[in-house]
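In the order they appear, the protein sequences are chains Y and W.
Residues in the first sequence are numbered consecutively from 1490, following the working numbering.
Residues in the second sequence are numbered consecutively from 19, following the working numbering.
Remarks on the structure that follows.
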Amino acid sequence: MPYSAKITRKDPGYFIFLVDQSGSMEDPQGGGYAASKAIVVADAINRLLNNLVIRSSRGNTVYDYFSISIVAYGDDRAWAPWQGGLAGSTIVTTSQLDANPARVEERIERVPDASGNERDLAINVPVYVDPAAGGSTPMCKALENATRLCEWWVSKHPAGFPPIVLNLTDGEATDGDPVPIARRLTSLATTDGNALLFNLHVSSGDDAAQLYPRSDAALSDDFAKRLFAMSSALPEPMLRAGAGLGLALAPGSRGFVYNADPAQLVQFLEIGTTPNTYATAPDR
Amino acid sequence: MRVYDLIFPKSDDTADDCEDRLAYVRDELSGNVRAAVADGATATAFSGEWAELLVRAYCDAPFMQWSDLLRCCDDAARRWTAVVYGEDRPWHSLMRAKAGGAAAIAGIEVRSPDRTWTAAALGDSCIFHVRDDRIRAAVPPYGADDFDNHPSLLSTDTARNAGLESLFTAVTDTFVSGDRFVLATDAAAQALLVADRSADGLRDWIVALTSERETAARFIASSRAVGSLRDDDVAIVVIEV
């Protein structure tokens, strides 16, 4: 059965986040939110990266169950925006994430003490990515970078769960047609299945979101239709993850959200990073 | 009674990574043996520690009834909280611990004087009563096709356990000299049930599991290699009576 390879330290899950940092990302997120789209996206990615570290935590140790690349794009270029000890890295493991945050932010969490009584505890939570916005939207460059990373990954993990690429954008590519590059990317495969490309469009407007559609019939413009055409169908583990979040998904539902609000962005990342039975429920 | 105990982590893991646990205790006066295996769920927090506490709790005071199991869980959960939160831990460890631990457990008491046994289980760790190299009874009454990735498990969040009563199995029966009891966590339990489908299938397993540890380890490795055993943590106890 495709998309059933287990996530192990030998064959970790691999996620590539393509993050639009073009000038328009500075505009406020739609739906009455004051924060810019760049801030909303950076927050969601930091939260997701921390979640991957937590999912890789056993006892006091973080194991390398996941590898991550981030490709930021804007200003006519695509680059890896890691900072601090991760600066210059292209692929980062979860233990490297844990050891090299760009900075930490203190958060108060309610946890039990040894007797089971609740107490407030200050916890230093890592931050990896800062919001940024400027210039054009070179999505094709970002997809080409992702394709090269996927080529390398499938050559090293030919039987593992295939790479998952999550593209977060608010606009149209300014450097060409991304569809052929997306097709090349999703033609790459391990024995477990083809590489997956999911697309999420964050909106400054108040239009209703299109969530995981099975066809492009309800999409109003060519840009949305192109993003839909680039998006892979959600495999079974992600359909289950979506159902667990209360979404009415069906076989054929694409990994595509248009006009997402922040909650839908977080949900998209959660569904798109559930590669198999590994991480969310008390599975084996 | 003779007892064999075997633990094998996943093939790429070290012993420290293994989240399956076993324990047994022999009463020198009566000759009774209590034994338990537990399978900590990888996706939950500190599940090896939780499995360890459960098997020890069983050997201290075996549960024969649902209410006994709930009491045992409450006590073990308090100990788990003390283990997890009793020391400084990194942020990811504390965040993960909030979700709690979960494990399957199967335990048996084999009583020499009256030649009876009582087995109890919740989840997909199993106990098999074996006679003449064939399985006579399985507790819980699993078949080889009943294993999936979503077994019902005992949680450190004890409120979650209340709804599991219908999944708790306890059986009392008699044994005769020469019988064996095999306790096994899910991957090995499934493999044993598959092996029992053919007339002599179980014999190879029993011979290997009651041989030198190196022989058993080679058998487990080769079974994984040919696909007759899933590459998962394995805990097995064999009691020969």
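Every residue, glycine too, gets a C-beta built ideally from N, C-alpha and C.
Confirm, please, whether the CB-CB distance from D1509/Y to L1657/Y is below 8 Å.
Against a cut-off of 8 Å, the Cβ pair of D1509/Y and L1657/Y comes out as a contact.
Within this structure, are the beta carbons of E67/W and V101/W separated by less than 8 Å?
Yes, the pair counts as a contact, with Cβ atoms nearer than the cut-off.
Give me whichever residues DSSP pairs with F1555/Y in a beta bridge.
Note: F1555/Y sits in a beta bridge opposite G1502/Y.
Against D30/W, what residues of chain Y qualify as contacts under a CB-to-CB distance less than 9 Å, listed in chain order?
Simply T1497, R1498, K1499.
Can you give me the C-alpha to C-alpha distance between I1543/Y and S48/W, rounded to a whole angstrom?
Taking the straight line from one Cα to the other gives about 47 Å.
If you check the beta carbons only, do T1579/Y and S1556/Y fall under 8 Å apart?
Result no, Cβ atoms of T1579/Y and S1556/Y do not sit closer than 8 Å.
For the beta strand (DSSP E) that A1588/Y lies in, which residues bound it at each end?
Careful: A1588/Y lies outside any beta strand (DSSP E), inside the alpha helix (DSSP H) at 1583-1588.
Where S130/W and A138/W are concerned, what is the direct C-alpha to C-alpha distance, given to the nearest angstrom?
Distance between the alpha carbons of S130/W and A138/W: 18 Å.
With DSSP collapsed to three states, give me the class of G1600/Y.
The residue you asked about is not Gly; residue 1600/Y is Val in the sequence shown. In this structure, V1600/Y counts as strand in the three-state DSSP scheme.
Determine the chain Y residues that contact F64/W at a beta-carbon separation under 8 Å, and present them in chain order.
The contacting residues are G1548.
Output needed for R1608/Y: all residues of its chain with C-beta closer than 7 Å, excluding positions within five of it in sequence on either side, in chain order.
The residues are V1600, D1602.
When you compare each of A122/W, W223/W, V51/W to R39/W by their alpha carbons, which one comes out closest?
Cα-wise, what sits closest to R39/W is A122/W.
Run through DSSP, which three-state label would S241/W get?
Correct three-state label for S241/W: helix.
Using a Cβ-Cβ distance cut-off of 8 Å, determine whether V1542/Y contacts chain W.
With 8 Å as the cut-off, V1542/Y counts as an interface residue toward chain W.
Measuring alpha carbon to alpha carbon, tell me which residue in I1559/Y, K1499/Y, L1734/Y, L1738/Y is nearest K1645/Y.
That would be K1499/Y, whose Cα lies nearest to the Cα of K1645/Y.
Any idea what DSSP makes of P1615/Y, helix, strand or coil?
Note: P1615/Y maps to strand in three-state DSSP.
Name the one or two DSSP bridge partners that H147/W has.
Answer is A155/W, F199/W.
Would you kindly check if the distance between the Cβ of F1650/Y and the Cβ of N1688/Y is under 8 Å?
Result no, Cβ atoms of N1688/Y and F1650/Y do not sit closer than 8 Å.
Closest Cβ-Cβ distance between A1774/Y and chain W: below 8 Å?
One cannot answer for residue 1774/Y here, as it falls past the ends of chain Y, which runs 1490 to 1773.
According to the Cβ coordinates, are A120/W and L171/W closer than 8 Å?
Yes; because the gap between Cβ atoms is below 8 Å, this pair is in contact.
So does the segment 1623-1640 of chain Y actually touch the segment 1661-1674 of chain Y, counting three or more Cβ pairs closer than 8 Å?
These segments touch.
What is the DSSP secondary structure of D218/W, counted as helix, strand or coil?
The answer is coil: DSSP assigns D218/W none of H, G, I, E or B.
State yes or no: is the beta carbon of A1648/Y nearer than 8 Å to at least one beta carbon in chain W?
Closer than 8 Å: no.
At a CB-CB cut-off below 7 Å, which residues of chain W make contact with P1601/Y?
Here the neighbours are T99, Y103.
Taking only runs of the alpha helix (DSSP H) that begin and end inside the segment 1668-1733 of chain Y, which ones reach a length of at least 4 residues, in chain order?
Those alpha helix (DSSP H) runs which fall completely within the segment 1668-1733 of chain Y and span 4+ residues are 1668-1676, 1711-1719, 1725-1733.
Check whether the Cβ of D1509/Y lies closer than 8 Å to any Cβ atom in chain W.
False, the Cβ-Cβ gap to chain W never drops below 8 Å.
Please list, in chain order, all residues of the same chain as S1742/Y whose beta carbon is under 8 Å from its beta carbon, the five residues on each side excluded.
Counting only Cβ-Cβ distances below 8 Å, and skipping sequence neighbours, we find Y1701, P1702, R1703, A1722, L1723, L1728, G1731.
Looking at the structure shown, is V252/W part of a helix, part of a strand, or coil, going by DSSP?
Strand.
Can you give me the C-alpha to C-alpha distance between R1773/Y and P169/W, rounded to a whole angstrom?
At R1773/Y the pLDDT is 40, less than 50, meaning the model places this residue with poor confidence; the figure from the coordinates comes in the next sentence. R1773/Y and P169/W: Cα-Cα distance of roughly 9 Å.
Output the distance between the C-alpha atoms of R97/W and L71/W, rounded to the nearest integer angstrom.
Approximately 8 Å between the Cα atoms of the pair.
Is any heavy atom of the ligand HEM found at a distance shorter than 7 Å from the C-beta of P1601/Y?
The ligand HEM is absent from the structure shown, which contains no ligands of any kind.
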